[in-house]
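Chains as they are written, first to last, in our numbering: chain F, 52 to 351; chain E, 1315 to 1611. Ideal Cβ positions, reconstructed from N, Cα and C, are used throughout, including at glycine. Since we're looking at a predicted model, the values are computed, not measured.
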């Protein structure tokens, strides 16, 4: 008994504070949030405990998922995520591919491509709000003005003010900000491939594109998956950028995370909590299989 | 791209000299195209930076949209003074919040990472996965009860609340970074301590901590940047009177009055300066944190 205490005592002592905190602040609160989401806690009086709250089970979820308003948010979320993923993967891979072989100025290019990652979405939102100004013609500024100056007038558009595709405009700054991150991941991947492997393929007479298709891409696919998961889960949680570019009240560009904030601001805690749970389920569908898979791979 | 020309001479049966020549020419064209593309991308990536700088020095005379992309006619510091006056209290508060948050979460992450890398028990992997999941959750899914919990516990909004939140929700990533690092520490080092009769706490304190400096730098930078740039917790747990710089900047940029881009762009630059300095001075470690974020160590 004393022996076991010696073996388990110290590690537990070190680990316990964090485990307790996470148990409460992650898993406990997820449960509490779910509890709130199945009540009729829609008013300030209920939120502050002055009026009673009753359980309505899945009424809020049914109402939310059935409303055009929330469906618009979900559609936006899908559009945004697809654009964000495609944009960052293409740019990130392209840059990594160009910088793969050490060459003059490589460090300079890498630093420039990566630096937007260090800036907050709120700060970059300030300048992108200006760049994505919807004015056209005489009053145009931002990118629309730039298009006029270089003779590409036809590219002028109203950016995030478009009802259906406005959200795609917000994906531009997101791509600008995180392509460098994906590049860094792929660069690490490229560097992790032993030179002998490339040489062997070349000696075997593989052409350059065959080398990529048969040797390099399979080696890079775990990295690509990591990048997809990381960017994907960031995208599903997107909030800051949308808040700072188009304000929370903007219908065109709203996503669930923004809805949650708007509900909370009007003391509609039940719907705010329901949106939070829906987001959690979406993220978990993406992340949990990945974590389980990584965990299995590590065991081997 | 120089390793491209690597077919051993004579293998393909072509005259050696000729092959080398064509290869070199093609490779020069390719290289030029590559550089042209890379420079074009640098210009595109830097467009927002140009706009921020130029606009932040513009006065009222440059307000016309026709001059949007021009350099300022009269360079002025008014915007910077305005932004500094609006943001400096919040910048001070952000430092007060970010420094303790980064240090405390680095300490916790180091302890957890050590235990999880050295000590296996049944279900250790499950515990680790459960910890990691905390890194991916959308905080919207805990926000409402979190507000009630913090209010109920009497934690003041603003800096104290934000320190606590960044520490707690930083545990997964800091644990991951340290665990991955400690797994690379030779087993013999820890064993040596055990033979000498040092317990786990002792081993951690006198053997592991001293060699953890690189990981501490990575984690401190990561947490510093994350907490500095955070907006979500700031919006829910602070106000313009006691909030960090992201909140103040957002209020400045989306103020009730007519939008003043000069001031808000100067403000955006001011608010980005600390993390950018960290990136420029300690870029290597910054990238180290990024890599660990990809779960696989």
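query                                                                                                                          : result
Cβ distance (whole Å) where residue 1464/E is taken to contact residue 1551/E below 8 Å                                        : 7 Å
Reference residue 296/F, options 234/F, 182/F, 201/F, 243/F, closest by Cα                                                     : 182/F
Any C-beta of chain F under 8 Å from that of residue 1596/E                                                                    : no
Reduced DSSP category for residue 105/F - H, G, I as helix; E, B as strand; rest coil                                          : coil
Neighbouring residues, chain E, relative to residue 89/F (Cβ below 8 Å)                                                        : Here the premise fails: no neighbours, minimum Cβ distance about 13 Å.
Continuous alpha helix (DSSP H) stretch holding residue 1466/E: start and end                                                  : 1454-1466
Cβ neighbour criterion (16 or more within 10 Å) applied to residue 228/F                                                       : buried
Closer than 7 Å: residue 1474/E CB and nearest the ligand MN heavy atom                                                        : Ligands are entirely absent from the displayed structure, and the ligand MN is therefore not among its contents.
Short CB-CB distance (under 8 Å) between residue 53/F and chain E                                                              : Only weak support is given to the placement of residue 53/F: the predicted model assigns it a pLDDT of 47, under 50, and the value that follows is read from those uncertain coordinates. By this cut-off, residue 53/F is not an interface position.
Contact residues within the segment 172-190 of chain F, judged by C-beta distance below 9 Å to chain E                         : 172, 173, 174, 175, 176, 177, 178, 179, 180, 181, 182, 184, 186, 189, 190
Closer than 8 Å to chain E by CB, residue 219/F                                                                                : no
Minimum Cβ-Cβ distance from residue 340/F to chain C less than 8 Å                                                             : Within the model displayed, chain C is absent; protein chains F and E are what it includes.
Extent of the continuous alpha helix (DSSP H) run through residue 285/F                                                        : 268-287
Boundaries (first-last residue) of the alpha helix (DSSP H) holding residue 367/F                                              : No answer is possible for residue 367/F: the residues shown for chain F start at 52 and end at 351.
DSSP state of residue 1539/E mapped onto helix, strand, coil                                                                   : helix
Whole-Å CB distance - residue 131/F paired with residue 226/F, under 8 Å assumed                                               : No, residue 131/F and residue 226/F are not in contact; Cβ-Cβ is about 11 Å, not under 8 Å.
Residue 1488/E - DSSP class collapsed to helix/strand/coil                                                                     : helix
Where residue 94/F falls: helix, strand or coil (DSSP)                                                                         : coil
Residue 237/F, DSSP secondary structure in three states                                                                        : helix
Counted within 10 angstroms of its Cβ, other Cβ atoms place residue 336/F as buried (16 or more) or exposed                    : exposed
Closer than 8 Å to chain F by CB, residue 1315/E                                                                               : Here the model assigns residue 1315/E a pLDDT of 30, short of 50, so the residue's position is not dependable and the matter cannot be decided.
Distance between beta carbons of residue 1409/E and residue 1393/E, contact taken as under 8 Å                                 : No, residue 1393/E and residue 1409/E are not in contact; Cβ-Cβ is about 23 Å, not under 8 Å.
CB contact flag (residue 178/F, residue 1374/E, <8 Å)                                                                          : no
Beta carbon proximity, residue 163/F to chain E, threshold 8 Å                                                                 : yes
Delimiting residues of the alpha helix (DSSP H) encompassing residue 74/F                                                      : Unbroken run through residue 74/F: none, as it is neither H nor E.
Assumed close pair residue 98/F, residue 92/F - CB separation to whole angstroms, cut-off 8 Å                                  : 6 Å
Below-8 Å beta-carbon distance, residue 192/F vs any chain E residue                                                           : yes
Cβ-based neighbour list, residue 1541/E, same chain, cut-off 6 Å, excluding 5 preceding and 5 following                        : 1412, 1415, 1480
Close beta carbons around residue 1544/E, own chain, < 8 Å, minus the five adjacent residues each side                         : 1476, 1480, 1558, 1560
Contacts of residue 1454/E in chain F (Cβ-Cβ under 7 Å)                                                                        : 308, 311, 326, 327, 330
Start and end residues, alpha helix (DSSP H) containing residue 16/F                                                           : There is simply no residue 16/F to check, as chain F begins at 52 and stops at 351 in what is shown.
Near-chain F residues of the segment 1519-1546 of chain E - C-beta to any C-beta below 9 Å                                     : 1539, 1542, 1543, 1544, 1545, 1546
Start and end residues, alpha helix (DSSP H) containing residue 1507/E                                                         : 1501-1509
Residues of its chain near residue 282/F, where Cβ-Cβ distance is below 7 Å and the 5 sequence neighbours each way are ignored : 135, 136, 139, 229, 233
Spatial distance of residue 1555/E from residue 1400/E (CA atoms)                                                              : 11 Å
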